[in-house]
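Asks: Chains A and B, in that order, are what the protein sequence lines are.
Just so you know, the working numbering puts 115 at position 115 of the first sequence, and the rest follows in order with no gaps.
One rule links them: number in the working numbering = place in the second sequence (from 1) + 398.
Where is the CB? At the ideal position from N, CA and C, for every residue including glycine.
Protein chains: 2
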Amino acid sequence: MRVLIAGMDGYLGWSLAQYLTARGHEVGGVDVFYRRRWVAEMGSHSAIPIADMSTRLQTFKEKWGEKPYFRVGDLTNWDFVKEVFEEFRPEAIVHFGECPSAPYSMMDVHHATWVQHNNIIGTLNILYAMRDITPNAHLVKLGTMGEYGTPNIDIPEGFFEIEFRGRKDRLPFPRQAGSWYHWSKVHDSNNIMFACQIWGLRSTDIMQGVVYGTRIDEMGDDERLFTRLDFDQAFGTAINRFCCQAVIGEPLTPYGKGHQKRGFLPLRDSMQCLTLAIENPPEAGEYRVFNQFEETYSIFELAEKVKKVANELGLETEIIPLENPRKEAEEHYYNPDHQHLLDLGYQPTHDMEAELRVMLTDLMRYKDRIEAVKDVLIPDIRWDGTRRKSRFLKVMAK
Amino acid sequence: MRVLIAGMDGYLGWSLAQYLTARGHEVGGVDVFYRRRWVAEMGSHSAIPIADMSTRLQTFKEKWGEKPYFRVGDLTNWDFVKEVFEEFRPEAIVHFGECPSAPYSMMDVHHATWVQHNNIIGTLNILYAMRDITPNAHLVKLGTMGEYGTPNIDIPEGFFEIEFRGRKDRLPFPRQAGSWYHWSKVHDSNNIMFACQIWGLRSTDIMQGVVYGTRIDEMGDDERLFTRLDFDQAFGTAINRFCCQAVIGEPLTPYGKGHQKRGFLPLRDSMQCLTLAIENPPEAGEYRVFNQFEETYSIFELAEKVKKVANELGLETEIIPLENPRKEAEEHYYNPDHQHLLDLGYQPTHDMEAELRVMLTDLMRYKDRIEAVKDVLIPDIRWDGTRRKSRFLKVMAK
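1) Please state the DSSP three-state secondary structure of R433(B).
2) Per DSSP, which one or two residues make a beta bridge with A404(B)?
3) Does D169(A) come within less than 8 Å of chain B when only Cβ atoms are used?
4) Shorter than 8 Å from the beta carbon of Q116(A) to some beta carbon of chain B?
5) Beta-carbon of H111(A) versus every beta-carbon of chain B: anything under 8 Å?
6) Can you grab the Cα-Cα spacing for the pair N119(A) / Q176(A), in whole Å?
7) How big is the Cα-Cα spacing for Y181(A) and C641(B)?
8) What runs of the alpha helix (DSSP H), each 4 residues or longer, lie entirely inside the stretch 475-563 of chain B?
9) When the Cα atoms are used, what is the spatial distance from L124(A) to L75(A)?
10) Pull up the distance between the alpha-carbon of N475(B) and that of E484(B), whole angstroms please.
11) Name the chain A residues that come within less than 7 Å of G783(B), Cβ to Cβ?
12) Could you tell me the boundaries of the beta strand (DSSP E) in which K63(A) lies?
13) Which residues of the stretch 187-198 of chain A have a Cβ closer than 7 Å to any Cβ of chain B? Give them in chain order.
14) Nearest chain D C-beta to W581(B) closer than 8 Å, yes or no?
15) Please go through the same chain and pick out, in chain order, the residues whose beta-carbon is closer than 7 Å to the beta-carbon of R71(A), but skip the five residues on each side of it.
16) In chain order, what residues of the same chain lie with their CB nearer than 8 Å to the CB of W436(B), ignoring the 5 residues before and after it?
17) Distance, Cα to Cα, T602(B) vs L4(A)?
18) When the cut-off is 8 Å and only beta carbons count, does A727(B) lie next to chain A?
19) Would you check if there are 3 or more beta carbon pairs closer than 8 Å linking the stretch 279-294 of chain A to the stretch 136-156 of chain A?
20) Identify the contact partners of D154(A) in chain B, using a Cβ-Cβ distance below 8 Å as the criterion.
21) In chain A, what lies closer than 8 Å to F558(B) by C-beta?
22) Quick one: which chain A residues come within Cβ less than 8 Å of N523(B)?
23) Does the stretch 439-449 of chain B touch the stretch 612-625 of chain B, meaning 3 or more C-beta pairs lie closer than 8 Å?
24) Helix, strand or coil for M617(B)? Go by DSSP, reduced to three states.
25) What is the rounded straight-line gap between the Cα of P403(A) and the Cα of T715(B)?
26) Just to confirm, does F688(B) get its C-beta within under 7 Å of one of the non-hydrogen atoms of the ligand FAD?
27) Would you mind working out which of I614(B), E702(B), N678(B) sits nearest P664(B), comparing C-alpha positions?
28) What do you reckon, are the CB atoms on Q245(A) and P254(A) nearer than 8 Å?
29) Using beta carbons (cut-off 8 Å, strictly below), is K796(B) in contact with chain A?
30) By the criterion of Cβ-Cβ separation under 9 Å, what are the contact partners of Y128(A) in chain B?
31) Kindly indicate which three-state DSSP category F231(A) falls into: helix, strand or coil?
32) Quick one: what's P664(B) bridged to in DSSP?
33) Taking the continuous beta strand (DSSP E) assigned at N291(A), which residues delimit it?
34) With a threshold of 8 Å between beta carbons, is P680(B) in contact with chain A?
35) What's the call for P90(A), buried or exposed, on a 16-neighbour Cβ count within 10 Å?
36) Pairs of beta-carbons, one from the stretch 520-539 of chain B and one from the stretch 692-706 of chain B, closer than 8 Å: are there three or more?
In structure tokens:
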């Protein structure tokens with residue numbers, strides 16, 4: 001299948017380009033390299049050094065025989081999006097081309113408005129390009145489990161049947177996101193649902209859990225094919241930060257009580273799930289939602305897991321919670337459905353510790369790179385709009 | 399109370415400025431005069447001639463003794479919004495400063511992205527200005543009943559208590575809007591709800607029905623104080639279009655079956671409700687939703703009412719449905735709650751026919767203005783993205 005990856009230079013985009021190519025799909029990509037710029041703006045860099053796109057494409061050619069279609073450009077530019085669709089005529093579009101950071105969006109009014117503008121307008125342009133140029137194509141859009149927030153009831157996959165005052169309907173499940181970024185994804189989800197309804201487009205909206213891992217088999221040992229791994233407060237997830245902290249001998253720092261529960265899945269599983277979605281498109285006019293994760297853990301359980309594996313690898317670590325810079329529920333019910341991908345044949349890895357072992361071993365090679373900017377591991381972007389480094393909670397309690 | 403009206407040059411904004419001033423509130427306003435530009439873009443003009451803002455402000459001074467604070471500027475410009483908040487320091491903000499047209503937003507990709515950008519970014523800027531400059535102020539934001547769409551269950555006011563798989567929660571009611579414009583209002587609602595939650599702001603989100611009427615008592619007979627009345631396919635509501643059609647002897651044209659039900663309220667009632675909301679602000683951190691309308695009618699019933707009153711005034715009319723240019727349910731359940739405003743003391747007028755009589759009588763004076771651009775009454779903006787004038791359905795059936 002001809003698959004356009006928007007955001008091909010990113011963590012998931014570059015991995016998926018290889019995963020799909022290895023399975024015989026024809027991959028094309030666009031990127032404007034914002035992720036590299038955002039992470040630099042946070043004073044950080046990828047823990048794993050990554051090649052620039054021209055090297056990446058050249059390596060791709062050496063390994064797979066052909067350079068993929070690739071264009072540098074901004075999805076908020078309609079003329080660019082239109083040109084790409086006319087040139088590449090994708091059968092599927094995987095939309096990673098959005099700013100994915102909650103803290104980045106919470107920094108100030110300029111970042112808040114920029115993130116919402118960037119994500120919403122880019123997605124609208126893709127929807128119009130699909131309508132006008134490739135109306136049968138399938139949009140696989142990366143959402144996040146964070147769109148749902150933490151309601152006190154089970155979280156279905158996008159829609160639920162409810163009874164209210166004696167009448168029934170099937171309705172979109174209410175979203176309660178926790179940052180301007182997360183809300184931008186909800187806005188996108190709503191816009192996409194509407195486009196499917198009025199124009200007969202087809203889309204799979206992936207509510208993805210937190211993805212972790214440094215590699216997939218398809219990368220082999222060629223460093224030029226490795227994908228990025230961020231650990232700064234804005235673009236590094238808790239699991240990435242914990243692994244990097246373990247590697248440089250700093251304490252692992254859950255935010256607040258650490259009882260916040262989230263869904264997680266390894267990078268290889270994310271690739272497997274996205275490919276299942278791509279290879280099994282919905283009907284015309286169908287907007288379907290997949291909750292994409294393997295298992296749920298609390299952030300504290302996660303820290304415990306990283307600590308255990310790190311110790312096995314000879315890394316001394318401790319866990320010290322930090323003041324929570326976010327405004328979020330730290331104690332809550334959490335039971336999201338995740339059946340749709342299993343129905344399509346998803347085989348979960350079910351071995352977080354093995355994956356963490358690979359991750360930590362990979363990261364130990366780049367200890368100096370992490371050490372060099374380790375200040376970025378401690379957050380200072382607060383949900384009330386101020387900037388102040390979070391304090392260690394255990395130390396405060398003493 | 400010191401009330402900032404964003405969009406003070408518009409139909410509701412200019413009316414509310416007078417209504418509030420007459421009740422002793424200190425009114426200020428901002429506007430960038432987009433509404434005049436959009437209507438001109440549709441090849442139309444207000445049926446009732448309106449003065450320019452400098453004349454309006456001068457007349458205001460003659461009648462009320464003082465010119466209100468007024469600044470020309472764009473809400474998507476943060477520096478402008480910040481300056482206005484610093485200068486005027488509002489205690490309440492009534493946010494009419496958005497593009498309010500479904501067809502306008504459905505014209506093409508440029509209008510779709512422009513409307514969503516304009517509405518979302520303007521509202522985000524207001525939220526940040528409130529947080530930073532007037533954190534105790536009350537945001538009264540104009541939403542629309544159209545945010546809810548037409549679910550097969552009752553529509554509560556913003557939130558509902560539900561039971562799902564044996565557990566309970568109070569959740570935002572799912573929205574199912576019908577155009578990019580309506581979705582932009584949903585996106586705003588979600589953003590505002592989040593800002594109240596994390597920053598302790600207070601807001602009343604008004605899900606307003608269709609407002610009709612040419613005047614409120616406070617305008618008296620001074621034409622310079624009259625407010626606009628649009629009748630083009632994009633900025634004129636069904637009721638405005640029917641009245642203008644009756645006045646020029648053209649058939650009244652419901653779209654499709656005309657069984658679409660909506661909530662309606664006269665302009666004087668809208669003013670009364672908005673003032674009740676302003677004078678009874680929510681608690682800090684509270685985000686409340688009011689469904690603001692008086693009675694529900696189908697579009698066909700509405701046409702019948704206009705026809706009846708027009709006949710009484712000696713205007714010959716008939717009703718001929720048009721092909722529906724929109725994609726919407728033409729037969730549906732519709733039972734929205736509207737208790738919150740009644741609890742605050744709202745006294746509904748309950749006399750649509752009297753209001754229609756005033757409206758038609760006012761409009762008869764401007765028959766020539768309507769006649770001059772009557773082509774704008776027949777829609778050609780279609781939800782599938784094409785432009786084609788809707789055909790008369792009765793004629794086709796013969």
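Replies: Put simply:
1) Numbered from its first residue, the second sequence carries residue 433(B) at position 35. Three-state DSSP puts R433(B) in a helix.
2) Residue 404(B) sits at position 6 when you count from the first residue of the second sequence. Answer by DSSP bridge pairing, in chain order: V428(B), H493(B).
3) Against the first sequence, residue 169(A) aligns to sequence position 169. Taking Cβ atoms only, chain B reaches closer than 8 Å to D169(A), which makes this a yes.
4) Counted from its first residue, the first sequence places residue 116(A) at position 116. Output row for Q116(A): interface = yes.
5) Residue numbering aside, residue 111(A) sits at position 111 when the first sequence is read from its first letter. Cβ-Cβ to chain B under 8 Å: no for H111(A).
6) Taking the first residue of the first sequence as 1, we reach residue 119(A) at position 119. Taking the first residue of the first sequence as 1, we reach residue 176(A) at position 176. So the two alpha carbons sit approximately 18 Å from each other.
7) On the first sequence, position 181 is the one that residue 181(A) refers to. On the second sequence, position 243 is the one that residue 641(B) refers to. In a straight line, the C-alpha of Y181(A) is about 44 Å away from that of C641(B).
8) 476-486, 500-504, 507-531
9) Counted from its first residue, the first sequence places residue 124(A) at position 124. Counted from its first residue, the first sequence places residue 75(A) at position 75. For L124(A) and L75(A), the distance between alpha carbons rounds to 9 Å.
10) Reading the second sequence from its first residue, position 77 is the one you call residue 475(B). Reading the second sequence from its first residue, position 86 is the one you call residue 484(B). Each residue's alpha carbon lies about 15 Å from the other.
11) For the purposes of this step, residue 783(B) is taken as residue 385 along the second sequence, with counting starting at 1. Per Cβ cutoff of 7 Å: R131.
12) For this step, residue 63(A) is matched to residue 63 along the first sequence. Segment 53-64 is the alpha helix (DSSP H) holding K63(A); no beta strand (DSSP E) there.
13) H187, N190, N191, F194, I198
14) Of the protein chains in this structure, namely A and B, none is chain D.
15) For the purposes of this step, residue 71(A) is taken as residue 71 along the first sequence, with counting starting at 1. The answer, listed in chain order, is V30, V84.
16) On the second sequence, position 38 is the one that residue 436(B) refers to. For W436(B), where only same-chain residues beyond five positions count, the Cβ hits under 8 Å are C497, S499, Y502, A632, F633.
17) Here residue 602(B) is taken as the residue at index 204 of the second sequence, counted from 1. Here residue 4(A) is taken as the residue at index 4 of the first sequence, counted from 1. Between T602(B) and L4(A), the C-alpha separation is close to 43 Å.
18) Here residue 727(B) refers to the residue found at position 329 of the second sequence. No, its Cβ sits nowhere closer than 8 Å to a Cβ of chain A.
19) yes
20) Position 154 of the first sequence, counting from 1, holds the residue named residue 154(A). Ordered by position in chain B, the residues that pass the 8 Å Cβ test against D154(A) are F562, R563, R565.
21) Translated into the one-based positions of the second sequence, residue 558(B) becomes position 160. Those are F164, listed as they occur along chain A.
22) Here the question's residue 523(B) lines up with position 125 in the second sequence. Within 8 Å Cβ-Cβ: V109, T113.
23) yes
24) What you label residue 617(B) is simply residue 219 of the second sequence in a count that begins at 1. Helix, per DSSP.
25) With chain A represented from 1 up to 398, any question about residue 403(A) goes unanswered, as that position is not in the structure.
26) Annotation note on the ligand FAD: not contained in the displayed structure, which lists no ligands.
27) As a working note, residue 664(B) is residue 266 in the second sequence. When each option's Cα is compared against that of P664(B), the closest is I614(B).
28) Taking the first residue of the first sequence as 1, we reach residue 245(A) at position 245. Taking the first residue of the first sequence as 1, we reach residue 254(A) at position 254. Taking 8 Å as the Cβ cut-off, Q245(A) and P254(A) do not qualify as a contacting pair.
29) The count along the second sequence starts at 1 and reaches residue 796(B) at position 398. With a pLDDT of 38 at K796(B), under the threshold of 50, the modelled position of this residue cannot be trusted; read the value that follows with caution. Judged by the 8 Å Cβ criterion, K796(B) is not in contact with chain A.
30) Start at 1 with the first residue of the first sequence, and residue 128(A) comes out as number 128. Near Y128(A) (Cβ distances below 9 Å), the residues of chain B are D506, V507, A510, T511, G783.
31) On the first sequence, position 231 is the one that residue 231(A) refers to. Here F231(A) sits in coil by DSSP.
32) Taking the second sequence and counting its residues from 1, the one referred to as residue 664(B) is at position 266. Partner(s): Y610(B).
33) Numbered from its first residue, the first sequence carries residue 291(A) at position 291. Segment 287-292, the beta strand (DSSP E) holding N291(A).
34) Numbered from its first residue, the second sequence carries residue 680(B) at position 282. Not an interface residue.
35) Counting from 1 along the first sequence, the entry for residue 90(A) is found at position 90. Burial call: buried.
36) no
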